[in-house]
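Chemist: The listed protein sequences derive, respectively, from chains A and B.
Under numbering that gives the first Met the number 0, think of the first position of the first sequence as 0, with each following residue one higher.
Under numbering that gives the first Met the number 0, think of the first position of the second sequence as 0, with each following residue one higher.
By construction, the Cβ of each residue, glycine as well, lies at the ideal position given by its N, Cα and C atoms.
Please see the structure below; I have some questions.
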Amino acid sequence: MCDYSGKLVAWMDRELPDNEAADVDRHVLACAECGRRIDAYEQVSASFVAYCDAAVGQKTPMPFKRRHWIPVLSAVAVAAAVLSLVFVPVSVKQIPIRSRAAEAAAAVVRETAPRPVKTVHRRRPVPRTKMANAGWTLAGPAVQIVIPAEAMFPPGAVPEGINFIAELDIADDGSAQGLRLQP
Amino acid sequence: MSGDSLPLVLPLSRFATDSCEATTLYRELRKPLLRYLVCLGLSSDEAQDVVQDAFLSLHKHLVSGGPQDNIRSWLFRVAHNRARNRQQSYDRRFGTQLDLDADSISQAATPEQVVLEKEKFRRLGKAIRLLTESERECLLLRASGLRYREIGEVLGISTSTVADTVDRAIKKLAEKCNV
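This is how it looks when you write it as structure tokens:
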């Protein structure tokens, strides 16, 4: 093996002192073996850098893949929104929800939609005169919720046995229009 | 790589006498740092975190009046140590660094070139795995453009040791790859 073989990589990297570098310069021009070695080392160095770049590129998410999914996800989202608008209201009207939670809530929540106010008072321990004085009528479906006074006021502030009725006005589109509290 | 979108905003003008010089420093060193860290085995997100931490440390270092010479090796050393700490805290090993699926490489123009390139990377990957940790790190830092003196500062070894390590690593790769 040539005596200069131990200096070739450092010479390639320009890390040798000037006098040694000049010596290797002259030698490389005359030594075919060192010339071949330098070619090989440069090739390996370049391949190593390319390998690093490929490894980095492999670990980094490819942007075009993300862009490829954007229209697909958008289409799915739009389709889901359209389907929910078309089918959900119908299914709510046709299929009554019967669950334990709904049945338990039915004890305190009663749907009184377009019924007259009078029928509501038959079920509530509320004086008819007070309802008449309220001066409001139901324009649409309403939900009445009986709330014990103890739940709203501190103990002793209200006589025992008094309940409040919260009436929630429901618009045709199902949204809440107003809330009234009646003792 | 996606490092282009690194959301790092630093008051660069404060930690350098010339803000243009500082911006140049950031632009010049961010990508090599990211590449070095990813090749060490960090994920892309982890590498971006470490680079951001390194530049914040640089900011504190310079604001507190630290020396401004060898900033490049200083940054690489901070990033290298942070990466080490992360990997030790996650109980991961550096043995996974520079792993590359050669089958995923398809940048060559013709099928023959694809096959040749895959085979070349497969052999190179096998040879890289045979290198010692120090040899791999020296080659990675060399591929990032650092001088032997700077590599020595990053890894805490002498310049002559770096020269020997790089020489040995290159010769191993050339021998294993039959170049």
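How would you call P154 of chain A, buried or exposed, if buried means at least 16 neighbouring beta carbons within 10 angstroms?
Modeler: Exposed: under 16 other Cβ atoms inside 10 Å.
Chemist: Quick one: which chain A residues come within Cβ less than 9 Å of K117 of chain B?
Modeler: Correct list: empty, because the minimum Cβ distance to chain A is about 11 Å.
Chemist: I want to see whether chain A comes within less than 8 Å of A162 of chain B, judged by CB atoms only; does it?
Modeler: Output row for A162 of chain B: interface = yes.
Chemist: S83 of chain A and L123 of chain B - do their beta-carbons sit closer together than 8 Å?
Modeler: No; because the gap between Cβ atoms is not below 8 Å, this pair is not in contact.
Chemist: Pairs of beta-carbons, one from the region 46-58 of chain B and one from the region 72-86 of chain B, closer than 8 Å: are there three or more?
Modeler: As far as the Cβ criterion goes, the region 46-58 of chain B touches the region 72-86 of chain B, which means the pair count is three or higher.
Chemist: What does the Cβ neighbour count give for Q67 of chain B, buried or exposed, with the cut at 16 atoms within 10 Å?
Modeler: Under this definition Q67 of chain B is an exposed residue.
Chemist: Is it a yes or a no for the region 5-15 of chain A touching the region 26-46 of chain A, going by three-plus beta-carbon pairs under 8 Å?
Modeler: Segments in contact, yes.
Chemist: Compare the C-alpha of I156 of chain B against each of B:A173, B:K170, B:N177, B:E134 and name the closest.
Modeler: With distances taken between Cα atoms, I156 of chain B lies closest to B:E134.
Chemist: Rounded C-beta distance between Y147 of chain B and T131 of chain B? I'm assuming under 8 Å.
Modeler: Their Cβ separation, rounded to whole angstroms, is 17 Å, which puts Y147 of chain B and T131 of chain B out of contact at 8 Å.
Chemist: For R179 of chain A, which residues does DSSP report across the bridge?
Modeler: R179 of chain A is bridged to A:E166.
Chemist: Taking only beta-carbon positions, decide if R34 of chain B is within less than 8 Å of chain A.
Modeler: Yes, its Cβ sits closer than 8 Å to a Cβ of chain A.
Chemist: Using only the alpha-carbon positions, how far apart do V113 of chain B and F120 of chain B sit?
Modeler: Rounded to whole angstroms, V113 of chain B to F120 of chain B spans 11 Å at the Cα level.
Chemist: Report the CB separation of G40 of chain B from Q86 of chain B in whole angstroms; it is logged as a contact under 8 Å.
Modeler: Right, the Cβ-Cβ distance comes to about 7 Å (below 8 Å), so this counts as a contact.
Chemist: Counting contacts by CB-CB distance shorter than 8 Å, is F93 of chain B in contact with chain A?
Modeler: With a pLDDT of 49 at F93 of chain B, under the threshold of 50, the modelled position of this residue cannot be trusted; read the value that follows with caution. Not one chain A Cβ lies under 8 Å of F93 of chain B.
Chemist: What's the gap between the Cα of A53 of chain A and the Cα of V81 of chain A?
Modeler: Distance between the alpha carbons of A53 of chain A and V81 of chain A: 44 Å.
Chemist: Closest Cβ-Cβ distance between G5 of chain A and chain B: below 8 Å?
Modeler: Chain B, which has a Cβ nearer than 8 Å to the Cβ of G5 of chain A, makes this yes.
Chemist: Can you tell me which of the three DSSP states S174 of chain A falls into?
Modeler: If DSSP states are grouped into helix, strand and coil, S174 of chain A belongs with coil.
Chemist: Are the CB atoms of V55 of chain A and V37 of chain B within a distance shorter than 8 Å?
Modeler: Yes, the pair counts as a contact, with Cβ atoms nearer than the cut-off.
Chemist: Compute the Euclidean distance between the alpha carbons of R71 of chain B and E149 of chain B, then round it to the nearest angstrom.
Modeler: C-alpha separation (whole angstroms): 8 Å.
Chemist: Within the continuous alpha helix (DSSP H) that includes N84 of chain B, where are the two ends?
Modeler: From DSSP, the alpha helix (DSSP H) with N84 of chain B extends over 70-88.
Chemist: Would L181 of chain B pass as a contact of A168 of chain B if the rule is Cβ separation under 8 Å?
Modeler: Residue 181 of chain B lies beyond the range of chain B shown here (0 to 178); nothing can be said about it.
Chemist: I want to see whether chain B comes within less than 8 Å of S83 of chain A, judged by CB atoms only; does it?
Modeler: By this cut-off, S83 of chain A is not an interface position.
Chemist: Mind checking if E14 of chain A is an interface residue toward chain B, Cβ cutoff 8 Å exclusive?
Modeler: With 8 Å as the cut-off, E14 of chain A counts as an interface residue toward chain B.
Chemist: Please state if the CB of G151 of chain B and the CB of V161 of chain B are separated by a distance shorter than 8 Å.
Modeler: Taking 8 Å as the Cβ cut-off, V161 of chain B and G151 of chain B qualify as a contacting pair.
Chemist: Out of B:N69, B:D48, B:L61, state which residue places its alpha-carbon closest to the alpha-carbon of A82 of chain B.
Modeler: If we check each option's Cα against that of A82 of chain B, B:D48 comes out closest.
Chemist: Output the distance between the C-alpha atoms of C51 of chain A and A21 of chain A, rounded to the nearest integer angstrom.
Modeler: Those two C-alpha atoms are separated by around 32 Å.
Chemist: Answer with yes or no whether the minimum CB distance from G151 of chain B to chain A is below 8 Å.
Modeler: False, the Cβ-Cβ gap to chain A never drops below 8 Å.
Chemist: Taking only the alpha-carbon atoms, compute the straight-line gap between R179 of chain A and F163 of chain A and give it to the nearest angstrom.
Modeler: The straight-line gap from Cα to Cα measures roughly 10 Å.
Chemist: Does DSSP put E118 of chain B in a helix, a strand or coil?
Modeler: Here E118 of chain B sits in helix by DSSP.
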